[in-house]
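Chains as they are written, first to last, in this note's numbering: chain A, 2 to 198; chain B, 2 to 198. Cβ atoms here follow ideal geometry from the backbone N, Cα and C, with glycine treated the same way. Note that this is a predicted model, so its numbers are computed, not measured. First the structure, in the form of structure tokens, and then the observations on it.
Number of protein chains: 2
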Amino acid sequence: MTSGLRDRKKAATRRALHVAALELVAERGLDAVSVDEIATAADVSPRTFFNYFPTKDDAVLGLDPDESGSVAAAVAARPGDETPVEALRAVAVERAAVMARDGELWPLRMRVVDASPVLLAHLAAAFGRGDHEVAAVLAARSGTGPQDLYPLLLAGVSGVAMRTALHRWLATDFTASLPDLMDEAWGVLAAGLPAPR
Amino acid sequence: MTSGLRDRKKAATRRALHVAALELVAERGLDAVSVDEIATAADVSPRTFFNYFPTKDDAVLGLDPDESGSVAAAVAARPGDETPVEALRAVAVERAAVMARDGELWPLRMRVVDASPVLLAHLAAAFGRGDHEVAAVLAARSGTGPQDLYPLLLAGVSGVAMRTALHRWLATDFTASLPDLMDEAWGVLAAGLPAPR
DNA sequence: CTGCAATCTTGCAGTCCCCGCATTTTTTGT
DNA sequence: ACAAAAAATGCGGGGACTGCAAGATTGCAG
Numbered sequence: 002m003t004s005g006l007r008d009r010k011k012a013a014t015r016r017a018l019h020v021a022a023l024e025l026v027a028e029r030g031l032d033a034v035s036v037d038e039i040a041t042a043a044d045v046s047p048r049t050f051f052n053y054f055p056t057k058d059d060a061v062l063g064l065d066p067d068e069s070g071s072v073a074a075a076v077a078a079r080p081g082d083e084t085p086v087e088a089l090r091a092v093a094v095e096r097a098a099v100m101a102r103d104g105e106l107w108p109l110r111m112r113v114v115d116a117s118p119v120l121l122a123h124l125a126a127a128f129g130r131g132d133h134e135v136a137a138v139l140a141a142r143s144g145t146g147p148q149d150l151y152p153l154l155l156a157g158v159s160g161v162a163m164r165t166a167l168h169r170w171l172a173t174d175f176t177a178s179l180p181d182l183m184d185e186a187w188g189v190l191a192a193g194l195p196a197p198r
Numbered sequence: 002m003t004s005g006l007r008d009r010k011k012a013a014t015r016r017a018l019h020v021a022a023l024e025l026v027a028e029r030g031l032d033a034v035s036v037d038e039i040a041t042a043a044d045v046s047p048r049t050f051f052n053y054f055p056t057k058d059d060a061v062l063g064l065d066p067d068e069s070g071s072v073a074a075a076v077a078a079r080p081g082d083e084t085p086v087e088a089l090r091a092v093a094v095e096r097a098a099v100m101a102r103d104g105e106l107w108p109l110r111m112r113v114v115d116a117s118p119v120l121l122a123h124l125a126a127a128f129g130r131g132d133h134e135v136a137a138v139l140a141a142r143s144g145t146g147p148q149d150l151y152p153l154l155l156a157g158v159s160g161v162a163m164r165t166a167l168h169r170w171l172a173t174d175f176t177a178s179l180p181d182l183m184d185e186a187w188g189v190l191a192a193g194l195p196a197p198r
């Protein structure tokens, strides 16, 4: 279904643009790299770049556009006897495992993103993009409305856990286990943020 | 000291630009308003616009640049026998009270921001901008390092509480009490996000 | 394998954001 | 009133992004 020559080429071009953007920006910084250079490095015309990514920043982040939806789906698929926190925590740890398994891509992404406040903001926004869907799923699970406090707060908090875990992963130069860092963060959250020591 | 004619004029111009940006964007949407129009509406040259705001988006948000620092200072000024959560919660509620007292400004801001994903991301980023300072203060209070899990998580969570409270304030068409919404959010956080009901 | 339709790529022209630099105007301290 | 400091302005330019229309590729039916 998804494996026509057309689709494979599209995926390859998309990835080539993302990798080119990532590596160029890693070397020179975001502002010193132009869209034209990225396009040239990926062997497409500058105009084609915008057929794949709406902005230069998006190409650098290179996030899968339907990933946010899949998070909501993953939460919905958790057994119904789990509390919302348990379900969200399990999904987050699983997601962390996938990201850590991805080889050098996420580490490189994190290094690049961490060096630019703009990209940092965009990444955080990307994690928050699916929040409404996640909140809706949580609302369904806990029997509350999607505009209620609990689902909104929980969806937002899960984004913070993700960002914090990633930040600390970077701080350890990616020697730590990302799933462990994620689980640790959720542990503190589930305990009500008690003062350490 | 701070009350020369010069400084008053600067503040007035800044506010004029912000209000002009806010009202124009509220009417027509972010993309349909140019910097030139905002500058004209505020009676300054287009070039001068950029002496006050680095980007068009910043003019629409119109956030006080030294507010983020003052949050960290407010946390540092809380009595030392409070737990970090208590201190942060108190500061957040106090901040909410100030924002709610500001008349129509924050409601208008929220309406405009909520209509644009880009602005939403920028606002979230702005709330997160002071996170590092807050995390540093918290680290000092709790005797941990600024790269440790606890201060990072707590600083991030406080941003989520702010965003969630603002979102729900908007959802009630600003009839609810923002400080109450803020306190409610922190109550759930401090309790470890228990499933409601 | 050939023609046709759908899709993708590309070039072109244009708008607008944002910046550095030099010049002019306004404010301040004396 | 005058010189120094600071702000406003004008000009020129690089680069992101878009709509449009033409050209190239791919999928499919015969």
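Between the C-alpha atoms of V138 of chain A and V26 of chain B, what's the straight-line distance to the nearest angstrom?
-> Within the first sequence, the letter at position 137 stands for residue 138 of chain A. Within the second sequence, the letter at position 25 stands for residue 26 of chain B. Distance between the alpha carbons of V138 of chain A and V26 of chain B: 32 Å.
Determine the closest residue to A182 of chain B out of A:R169, A:D149, A:A126, A:W107, with distance taken between C-alpha atoms.
-> Position 181 of the second sequence, counted from the start, is the residue given in the question as residue 182 of chain B. Going by the sequence as given, residue 182 of chain B is Leu instead of Ala. The shortest Cα separation from L182 of chain B among A:R169, A:D149, A:A126, A:W107 belongs to A:D149.
State yes or no: is the C-beta of D115 of chain B within less than 9 Å of the C-beta of L106 of chain B?
-> Mapped onto the second sequence, residue 115 of chain B falls at position 114. Mapped onto the second sequence, residue 106 of chain B falls at position 105. Not closer than 9 Å, so no.
Of the residues A:K57, A:E83, A:A75, the one placed nearest V34 of chain A, counting alpha carbons only = One-based indexing of the first sequence puts residue 34 of chain A at position 33. Ranking A:K57, A:E83, A:A75 by Cα distance to V34 of chain A puts A:K57 first.
Please classify S1 of chain A: is it buried, with 16 or more other beta-carbons within 10 angstroms of its beta-carbon, or exposed?
-> The first residue shown for chain A is 2 and the last is 198, placing residue 1 of chain A beyond what the model contains.
P47 of chain B lies in the alpha helix (DSSP H); which residues open and close that run?
-> Along the second sequence, read from residue 1 onward, the residue named residue 47 of chain B stands at position 46. Here the alpha helix (DSSP H) through P47 of chain B covers 47-53.
L126 of chain B: contacting residues in chain A (beta-carbon distance under 9 Å) | Here residue 126 of chain B is taken as the residue at index 125 of the second sequence, counted from 1. The question names Leu, but residue 126 of chain B is Ala in the sequence shown. Going along chain A in sequence order, the residues near A126 of chain B (Cβ under 9 Å) are P118, V119, L121, A122, H123, A125, A126.
For E185 of chain A, return the contacting residues in chain B, with the cut-off set at a CB-CB distance below 7 Å.
-> In the first sequence, counting from the first residue as 1, residue 185 of chain A sits at position 184. Those within 7 Å of E185 of chain A in chain B are L150.
Any C-beta of chain A sitting closer than 9 Å to the C-beta of H168 of chain B?
-> What you label residue 168 of chain B is simply residue 167 of the second sequence in a count that begins at 1. So yes, H168 of chain B belongs to the interface.
What first and last residue would you give for the alpha helix (DSSP H) that runs through R198 of chain B?
-> Indexing the second sequence from 1 puts residue 198 of chain B at position 197. That residue, R198 of chain B, is in no alpha helix (DSSP H); it is neither H nor E in DSSP.
Between the beta-carbon of S178 of chain A and the beta-carbon of G131 of chain A, is there less than 9 Å?
-> Along the first sequence, one-based indexing puts residue 178 of chain A at 177. Along the first sequence, one-based indexing puts residue 131 of chain A at 130. Not a contact, by the Cβ cut-off of 9 Å.
Contact set between the segment 85-111 of chain B and chain A, restricted to residues whose Cβ is under 8 Å from the partner = P85, V86
For F50 of chain A, is the classification buried or exposed, using 16 other Cβ atoms within 10 angstroms of its Cβ as the cut-off for buried?
-> For the purposes of this step, residue 50 of chain A is taken as the residue at position 49 of the first sequence. The residue is buried, with at least 16 neighbouring Cβ atoms inside 10 Å.
Could you list the residues in the segment 126-147 of chain B with a C-beta less than 9 Å from some C-beta on chain A, going in chain order?
-> A126, A127, G129, R130, R142, S143, G144, T145
Option in B:A162, B:L167, B:G144 with minimal Cα separation from R198 of chain A | Stepping through the first sequence from its first residue, residue 198 of chain A is reached at position 197. For the residues B:A162, B:L167, B:G144, the minimum Cα distance to R198 of chain A belongs to B:G144.
Could you give the residue range of the alpha helix (DSSP H) that holds F128 of chain B?
-> Within the second sequence, residue 128 of chain B is the residue found at index 127, counting from 1. From DSSP, the alpha helix (DSSP H) with F128 of chain B extends over 118-130.
Collapsed DSSP secondary structure at L1 of chain A in the structure displayed | Missing from the structure shown is residue 1 of chain A; chain A here goes from 2 to 198 and no further.
Sequence-distant residues of its chain with Cβ nearer than 6 Å to F175 of chain B (five each side left out) | Reading the second sequence from its first residue, position 174 is the one you call residue 175 of chain B. Same-chain partners within the cutoff: P108.
Taking only runs that begin and end inside the segment 14-42 of chain A, name each unbroken alpha helix (DSSP H) of 4 or more residues, in chain order.
-> 36-42
Grab me the residues of A91 of chain A's own chain with a C-beta within less than 8 Å of its C-beta, minus the 5 sequence neighbours each way, in chain order.
-> Stepping through the first sequence from its first residue, residue 91 of chain A is reached at position 90. The residues are R79, E83.
Would you identify the three-state DSSP class for R79 of chain B, choosing helix, strand or coil?
-> Numbered from 1 along the second sequence, position 78 holds the residue referred to as residue 79 of chain B. Three-state DSSP puts R79 of chain B in coil, outside helix and strand.
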